[in-house]
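Below: the structure, in structure tokens.
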Amino acid sequence: MTDFAPLPLETPAEHPFAPFVRILGKGKRGARNLTREEAREAMGMLLDEKVEDTQLGAFLMLLRHKEESPEELAGFTEAVRERLNAPALNVDVDWPTYAGKKRHLPWYLLAAKCLAQNGVRILMHGGGPHTAGRLYTEQLVETLEIPLCRNWQQVETAYERGNLAFIPLGDWAPQLQRMIDLRNTLGLRSPIHSLARLLNPLNARLGLQSIFHPGYQGVHRDASGLLGDNVIVVKGDGGEIEINPDSASHLYGTTGGESWDEEWPALSAQRHVKPATLEPEHLKAVWRGDVEDSYPQLALIATMALALRGLGHSREQAFVVAQQYWDVRDKSI
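Under this note's numbering, the first residue of the sequence shown is numbered 59, with each subsequent residue one higher.
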């Protein structure tokens with residue numbers, strides 16, 4: 059005789075996270091955006107690991123399909139910041155680097171390095187290699203002598219020695235890194251790739267953000283405005299914070315709660331030929347002044363000017379100062 063499990067006679071209690079999945083996934087007419095408070099509570103449960111893996115995947119993909127609202131991004135960011143145990147350090151620029159480069163070398167790294175040599179204190183953070191065929195900051199920090207820090211104390215030490223530090227996301231927000239790492243399981247990037255750009259964990263006085271997909275730049279600017287942050291959002295080359303000199307750039311800014319926009323024209327009359335391969339040694343050669351190369355020269359000066367624009371210079375002043383910084387850089391590497 060077969061033994062059967064007893065029949066359940068009582069309705070199981072609903073999981074506390076289920077309402078957030080239901081809000082996003084209740085169909086075309088029933089679904090809606092999360093409020094800022096709901097987003098903060100939902101992200102708090104994710105960070106505190108109070109959800110099932112099935113709920114995590116469903117939540118991330120429903121958000122991805124719907125696209126995040128400014129209120130949702132602001133609420134998510136608040137939940138992360140509430141759980142950070144970061145020291146109070148004086149930082150000028152928060153520089154998220156999560157996309158990787160595939161068409162051109164990451165000239166933004168030389169821009170950040172040069173700014174730091176001239177007194178601009180920068181925090182860079184990234185989520186590691188997640189897409190084949192791209193070059194990521196993590197793969198080049200040693201080559202370019204950018205301090206790799208694995209905790210906030212090491213960041214503070216790096217600042218005492220210079221003005222530049224890179225810290226991996228997984229070392230200060232491991233739950234978010236786990237969500238990013240689901241990219242190859244779910245088949246799509248999750249909204250965490252976007253969220254990471256807003257976090258500004260050390261409360262730098264300027265946040266730079268690069269959002270590649272059209273329409274998202276304004277959403278990120280609005281979310282940062284809700285948070286009271288000063289930011290500039292651009293469509294950077296390959297999704298990184300790097301001005302493409304061959305194209306016009308639109309700056310989506312927010313300062314003191316006020317939104318502003320600025321158009322920067324292309325810097326080159328003709329488009330540059332994309333390099334056949336990406337050779338990291340070329341970064342060092344340009345830094346040392348061993349070679350002259352039009353594209354990186356224009357890209358890194360404009361990227362430095364972008365940061366200086368956010369720190370209070372006019373566009374014209376920013377380009378003049380950026381060129382001065384580049385001309386007096388310490389070329390040793």
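Glycine included, each C-beta is placed from N, C-alpha and C at the ideal position.
Between the region 110–117 and the region 261–280, do at least 3 Cβ pairs fall closer than 8 Å?
no
For His278, which three-state DSSP category applies?
helix
For the region 316–360, which segments carrying the alpha helix (DSSP H) assignment without a break, of at least 4 residues, lie completely within its bounds, in sequence order?
338–346
With DSSP run on the structure shown, which of helix, strand or coil describes Gly265?
strand
Taking the alpha-carbon of Ile180 as reference, which of Cys207, Val199, Asp152 has the nearest alpha-carbon?
Asp152
Hey, out of Arg87, Arg122, Arg161, Leu65, whose CA is closest to Tyr194's CA?
Arg161
Fully enclosed by the region 190–235, which alpha helix (DSSP H) runs are 4 residues long or longer?
210–219
Which runs of the alpha helix (DSSP H) at least 4 residues long sit entirely within the region 149–190? Give them in chain order.
166–175
What's the call for Gln275, buried or exposed, on a 16-neighbour Cβ count within 10 Å?
buried
Could you check which residue in Tyr156, Leu168, Ala216 has the C-alpha nearest to that of Arg346?
Leu168
Touching or not, the region 284–294 and the region 170–177, by the rule of three or more beta carbon pairs under 8 Å?
no
How about the region 96–108 and the region 61–70: do they share at least three Cβ pairs that are nearer than 8 Å?
no
Could you compute how far the alpha carbon of Glu214 sits from the alpha carbon of Arg80?
43 Å
Give me the DSSP bridge partner(s) of Gly311.
Ile290, Trp318
Is it right to say His271 is buried, meaning 16 or more other beta carbons lie within 10 angstroms of its own, or is it exposed?
exposed
Contact criterion: CB-CB distance below 8 Å. Does His278 meet it with respect to chain C?
The question asks about chain C, but that chain is absent: this structure has only one protein chain.
Output the boundary residues of the alpha helix (DSSP H) element that contains Ile301.
Looking at the DSSP string, Ile301 is not in any alpha helix (DSSP H), and its letter there is neither H nor E.
Three-state secondary structure assigned by DSSP to Lys108:
coil
Are at least three pairs of beta-carbons, each pair with one atom in the region 322–334 and one in the region 139–150, less than 8 Å apart?
no
Under 8 Å, with one C-beta from each stretch per pair, do the region 93–100 and the region 213–228 reach the 3-pair mark?
no
Mind reading off the beta-carbon distance from His188 to Arg255? Whole number of angstroms is fine, and I expect it under 8 Å.
With a Cβ gap of about 15 Å, His188 and Arg255 do not count as contacting.
Do Thr135 and Leu257 have their C-beta atoms closer together than 8 Å?
yes
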